[in-house]
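Beneath this line is the structure, given in structure tokens, with notes to follow.
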Amino acid sequence: MPVRQGAPPSNEGDVGPGHEVSGRMVLMVDDDPDVRTSVSRGLRHSGFDVRVAASGKEALRLLSNETHDALVLDVQMPELDGVAVVTALRALGNDIPICVLSARDTVNDRIAGLEAGADDYLTKPFDLGELVARLHALLRRSSHSDQQSDTMTVGPLTIDTARRLVFVDGERAELTKREFDLLAVLAENNGVVLSRQRLLELVWGYDFDVDTNVADVFISYLRRKLEREGQPRVIHTVRGIGYVLRDDP
Numbered sequence: 049m050p051v052r053q054g055a056p057p058s059n060e061g062d063v064g065p066g067h068e069v070s071g072r073m074v075l076m077v078d079d080d081p082d083v084r085t086s087v088s089r090g091l092r093h094s095g096f097d098v099r100v101a102a103s104g105k106e107a108l109r110l111l112s113n114e115t116h117d118a119l120v121l122d123v124q125m126p127e128l129d130g131v132a133v134v135t136a137l138r139a140l141g142n143d144i145p146i147c148v149l150s151a152r153d154t155v156n157d158r159i160a161g162l163e164a165g166a167d168d169y170l171t172k173p174f175d176l177g178e179l180v181a182r183l184h185a186l187l188r189r190s191s192h193s194d195q196q197s198d199t200m201t202v203g204p205l206t207i208d209t210a211r212r213l214v215f216v217d218g219e220r221a222e223l224t225k226r227e228f229d230l231l232a233v234l235a236e237n238n239g240v241v242l243s244r245q246r247l248l249e250l251v252w253g254y255d256f257d258v259d260t261n262v263a264d265v266f267i268s269y270l271r272r273k274l275e276r277e278g279q280p281r282v283i284h285t286v287r288g289i290g291y292v293l294r295d296d297p
């Protein structure tokens, strides 16, 4: 059974998560009708408005015609799988918060989904309460990001958080959504050493396995795109701890 029917958080008399999600529209996409039914029922019970789709193609059509606040998307679907849907959305400039669902739970599978542009990755079987909590976190981060309009400069980097653009010595660098989120967190904590675990919490919003190298992988992606040969590094490794963004060598 891919969904464990734990009791969803109650919104009755709540001044917390229930108010955050009231009126928020979630698109739930899965080719399994039982999963669609159980997940959509649980999300509605938790205060979300829900639309459902049975395929990646149907999801893209709905997303192009209607406004949604978050997307819950199964990875393993026929014809157009979840990763392909995420890739297509990000290529179109759609930055909707996305939580992908999958029975695949290796680190490489997670990296593939996150690198495509997903914001969260939940393995089956999962508890509905956990999915609801993760959607709360995604919507909070999305709201916080929408309110920010600062331009930050660190060494050769100019980071426009409102337009989600990055420039290196005036030349635009093309970053994926996840790469930008990671860079923005480092820039907001300029000069502060952040552990790998803290980066996972701030950027991905939840804990990976302790031995995961997801943060290291994405740091290497950023370095390849942002650092020039012969120039001092801006993303520094603090051995045994984590990473820090600063403009001194």
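Numbers given in this note's numbering equal positions in the sequence shown, counted from 1, plus 48.
Backbone N, C-alpha and C fix where the C-beta goes; we use that ideal spot for every residue, glycine too.
Assigned with DSSP and collapsed to three states, residue 103 falls in coil, not helix or strand. DSSP assignment within the segment 213-288 yields the following whole beta strand (DSSP E) runs of 3 residues or more, N-terminal first: 213-216, 219-221, 283-286. As computed with DSSP, residue 73 is found in a beta bridge with 97. By the Cβ criterion, the segment 258-268 is in contact with the segment 226-238, since at least three pairs of Cβ atoms, one from each stretch, lie closer than 8 Å.
Residue 212 and residue 118 have their C-alpha atoms some 19 Å from each other. DSSP places residue 135 in the uninterrupted alpha helix (DSSP H) bounded by 130-139. For residue 73, same chain residues with a beta-carbon under 6 Å away, outside a window of 5 residues either side, are 97, 116, 117 in chain order. Contact check for residue 207 against residue 235 passes: the beta carbons are separated by less than 7 Å. By a beta-carbon distance limit of 8 Å, residue 263 contacts residue 244. Their separation comes to about 4 Å. Between residue 122 and residue 175, the C-beta gap is not smaller than 7 Å, which leaves the two residues out of contact. Taking the C-beta atoms as reference points, residue 182 is found nearer than 7 Å to residue 168. The shortest C-alpha to C-alpha distance from residue 91 to any of 120, 279, 202 is the one to 120.
If you draw a straight line from the Cα of residue 93 to the Cα of residue 125, it is about 26 Å long. In terms of Cβ geometry, residue 137 and residue 226 do not form a close pair [threshold 7 Å]. Here residue 123 carries a coil assignment [DSSP, helix/strand/coil].
Rounded to whole angstroms, the gap between the alpha carbons of residue 284 and residue 247 is 14 Å.
Burial of residue 129 is indicated by the presence of at least 16 other C-beta atoms within 10 angstroms of its C-beta. DSSP places residue 290 in the uninterrupted beta strand (DSSP E) bounded by 290-293. With fewer than 16 other CB atoms across the displayed protein chains lying within 10 angstroms of its CB, residue 154 is exposed.
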